[in-house]
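J.:
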Amino acid sequence: MSTKKTEVPVLHHYQIADGVVAFSSTRQGGVSEGSYVAFNVNHYCGDHPAHIAENKQRLCKQLGIDESHLVYPHQTHQTEVRVIDEAFLSLSDEDRQPLLEGIDAVMTNLQGVCIAVSTADCIPVLLYDEAHHAIAAVHAGWRGTVARIVEKAIAAMQHTYQTNPHQLKAVIGPGISLKNFEVGDEVYEEFEKNDFAMSQIAARYPKNPQAAQSMVHSKSSNCEISWHLNLPRCNQMQLEGEGVQTENIHMSNICTYDHVDTFFSARRLGINSGRILTGILMLNS
Numbered sequence: 002m003s004t005k006k007t008e009v010p011v012l013h014h015y016q017i018a019d020g021v022v023a024f025s026s027t028r029q030g031g032v033s034e035g036s037y038v039a040f041n042v043n044h045y046c047g048d049h050p051a052h053i054a055e056n057k058q059r060l061c062k063q064l065g066i067d068e069s070h071l072v073y074p075h076q077t078h079q080t081e082v083r084v085i086d087e088a089f090l091s092l093s094d095e096d097r098q099p100l101l102e103g104i105d106a107v108m109t110n111l112q113g114v115c116i117a118v119s120t121a122d123c124i125p126v127l128l129y130d131e132a133h134h135a136i137a138a139v140h141a142g143w144r145g146t147v148a149r150i151v152e153k154a155i156a157a158m159q160h161t162y163q164t165n166p167h168q169l170k171a172v173i174g175p176g177i178s179l180k181n182f183e184v185g186d187e188v189y190e191e192f193e194k195n196d197f198a199m200s201q202i203a204a205r206y207p208k209n210p211q212a213a214q215s216m217v218h219s220k221s222s223n224c225e226i227s228w229h230l231n232l233p234r235c236n237q238m239q240l241e242g243e244g245v246q247t248e249n250i251h252m253s254n255i256c257t258y259d260h261v262d263t264f265f266s267a268r269r270l271g272i273n274s275g276r277i278l279t280g281i282l283m284l285n286s
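Residues 2 to 286 in our numbering are what the sequence shown lists, from first letter to last.
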């Protein structure tokens, strides 16, 4: 991790539309320590509460919003979508918490409210409906992806805001890439069982590339191989399948595993490490 110090969170921004701030946090610009260096606001990965509070304060100051207007759930790899409305914002932190438990997607049509999801190899997806002034943030790990949480989030936006998927703009943020996302046969079979186009999202890689190279030279055929899945592509295909136009889908093409100095990766750093916050905010007009 770079030793460069900064007092403000360093954000990776996406140009999704005028009047909309969309971003993924990097590891710089916070006070967390160890495997949480330096910017982490996730409460469920073992970081010190005081560090989380300071980091959250810095982010909200940078975004120009009150801390009560930064909303992100406790994700559990399910497909529940929560609407963040005026009634929700009127609740105390204590009363909000049960409503954010087990939620993997949040959406709102309120200006000045930043909704976000936390990831560290899973795929964050942001959605913006310019016609109806509505946004969503989706956490799509492999379980959420195979359960088609992106499709369910779009359906929820259609029901709540009359969203037309053809008019949606989307961002697929930093996540683990195909070459680094090794899975067991049971995960491959779960996607296959749920009618994913496996020829487009899966590939076999040697478990140990160096050993594989040696076996090639020795003409051995005992190289062990395993399945890898392309989660960003899976979610892109779901967006397209729901009618989102390909040209309106921004792919960050950032692999968290390869860029662990800049973004958190649970596969590289372990579960007890920080999380990326990917959020979206409609500015007050």
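Don't be surprised by glycine CBs; every beta carbon is placed ideally from N, CA and C. Computed from a predicted model, the values in this text were never measured in an experiment.
Are the CB atoms of R83 and V9 nearer to each other than 8 Å?
T.: Not in contact: R83 and V9 (Cβ atoms no closer than 8 Å).
J.: Please state whether the Cβ-Cβ distance between V1 and A137 is less than 8 Å.
T.: No answer is possible for residue 1: it lies beyond the span of the chain, which begins at 2 and ends at 286.
J.: Quick one: grab the DSSP three-state call for D259.
T.: If DSSP states are grouped into helix, strand and coil, D259 belongs with coil.
J.: What are the boundary residues of the beta strand (DSSP E) that includes V126?
T.: Start and end: 124-130.
J.: May I ask you to report which of helix, strand or coil DSSP gives P166?
T.: Correct three-state label for P166: helix.
J.: Apart from the five residues just before and just after G174, which ones in its own chain have a Cβ nearer than 6 Å to its Cβ?
T.: Correct list, in chain order: S25, P125, S253, T279.
J.: Nearest CA to the CA of E131: which residue from V22, E241, Q79, L100?
T.: Nearest option by C-alpha distance: V22.
J.: In terms of DSSP beta bridges, what is S227 paired with?
T.: Partner(s): Y206.
J.: Which of the three DSSP states, helix, strand or coil, is assigned to Y189?
T.: The answer is helix: DSSP assigns Y189 an H, G or I state.
J.: What does the alpha-carbon distance come out to for the pair T77 and M199?
T.: C-alpha separation (whole angstroms): 25 Å.
J.: Could you have a look at H13 and say whether DSSP puts it in helix, strand or coil?
T.: Looking at H13 - three-state DSSP - the assignment turns out to be strand.
J.: Looking at the secondary structure, which residues open and close the beta strand (DSSP E) in which G280 lies?
T.: Per DSSP, G280 belongs to the beta strand (DSSP E) from 277-283.
J.: Rounded C-beta distance between T263 and T27? I'm assuming under 8 Å.
T.: The pair is a contact, with the Cβ atoms about 5 Å apart (cut-off 8 Å).
J.: Based on Cα-Cα distance, which residue from F197, G31, I85, A157 lies nearest to N236?
T.: Looking at the Cα atoms, F197 is the closest of the given residues.
J.: Please tell me whether R149 and Q201 are closer than 8 Å, where the distance is taken between their beta carbons.
T.: Their beta carbons are not under 8 Å apart, which means R149 does not touch Q201 by this criterion.
J.: For the segment 79-95 against the segment 37-50, are there 3 or more C-beta pairs whose distance is under 8 Å?
T.: The segment 79-95, when compared against the segment 37-50, does not touch it at the 8 Å Cβ threshold.
J.: Can you tell me where the alpha helix (DSSP H) holding C330 begins and where it ends?
T.: The structure shown has nothing for residue 330, since the chain only spans 2 to 286.
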